[in-house]
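Report on the structure given below.
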Amino acid sequence: MPERYSSHRLRIGRFCEQNRIYLLTANTLHREPVFKNHDLGRLVANQFQRAQTEGLADTLAWVVMPDHFHWLVQLQNGTLGQLMCQTKSLSTRAINVASGRTGSLWQQGFHDRALRQEESLVQMARYVVANPLRAGLVQKLDDYSLWDAIWVSRTLPPPS
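Numbering-wise, numbering that gives the first Met the number 0 puts 74 at position 75 of the sequence shown, and it's gapless, one number per residue.
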């Protein structure tokens, strides 16, 4: 059976509000492991920082995995669609220039989950940053550079 994209269904019933906390997930096209190259993954992380600098969202935690990212944010201005469109578009441009790629990088659409008030924000952040451990990419989180959380003081090394 041919693969069918259903990003339009992801938008049905989507509601977002400022100051609400969301877990956002986007996958690379065909789940290609583009971010095995951590320098390219840092270009995605740069867009998370840009969104915060521009006042679109406060970044609480994030992880860039080889073929997707998880981004825990508190939406400040605009919509989730606008935030993700800008993030995916600008990261695609930067990654295509850096790697000599052309064309689309991301699958259409994205997944979002609004955190309920009773959910623990710190537990969700731990879930996000522990992805490399659960995926078996590393034995210790310190061995994986493509993550951050506001509760941990880290600085990313510059791209090589």
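For every residue, glycine included, the Cβ atom is placed at its ideal position computed from N, Cα and C. Source: prediction; values computed, not measured.
Judging by CA-CA distance, which residue of His29, Ala25, Val33 is the nearest neighbour of Gly99? Among His29, Ala25, Val33, the Cα nearest to that of Gly99 is on Val33.
With a 10 Å radius around its C-beta and 16 neighbouring C-beta atoms as the bar for buried, classify Thr86 as buried or exposed. Buried.
Given a threshold of 16 other Cβ atoms within 10 Å of its Cβ, counted over all protein chains shown, does Ala134 qualify as buried or as exposed? Label assigned to Ala134: exposed.
Under a three-way DSSP split, which group does Trp150 fall into? Coil.
Could you tell me which residues DSSP pairs with His110 in its beta bridges? Note: His110 sits in a beta bridge opposite Thr24.
List the endpoints of the continuous alpha helix (DSSP H) containing Val96. From DSSP, the alpha helix (DSSP H) with Val96 extends over 79 to 98.
According to DSSP, which residues form a beta bridge with Thr58? Paired residue(s): Val72.
Of the choices Thr101, Met83, Val127, whose alpha-carbon is the least far from that of Gly108? Nearest neighbour of Gly108 by Cα position, chosen from Thr101, Met83, Val127, turns out to be Met83.
Specify, as a first and last residue, the run of the alpha helix (DSSP H) that Pro131 falls within. Pro131 -> alpha helix (DSSP H) spans 130 to 133.
Is Tyr126 near Leu79, with beta carbons less than 9 Å apart? Contact: no.
Nearest by alpha-carbon distance to Asn76: which of Glu16, Lys139, Asp147 is it? Ranking Glu16, Lys139, Asp147 by Cα distance to Asn76 puts Glu16 first.
Smallest Cα separation from Trp70: which of Gly102, Arg92, Lys35, Ala129? For the residues Gly102, Arg92, Lys35, Ala129, the minimum Cα distance to Trp70 belongs to Ala129.
Is the CB-CB distance between His67 and Thr24 below 9 Å? Less than 9 Å separates the beta-carbon of His67 from that of Thr24.
Mind checking which residues open and close the alpha helix (DSSP H) that includes Gly40? Per DSSP, Gly40 belongs to the alpha helix (DSSP H) from 37 to 52.
Hey, Asp57 and Gln46: beta-carbon distance below 9 Å or not? No, Cβ-Cβ distance for Asp57 and Gln46 is not below 9 Å.
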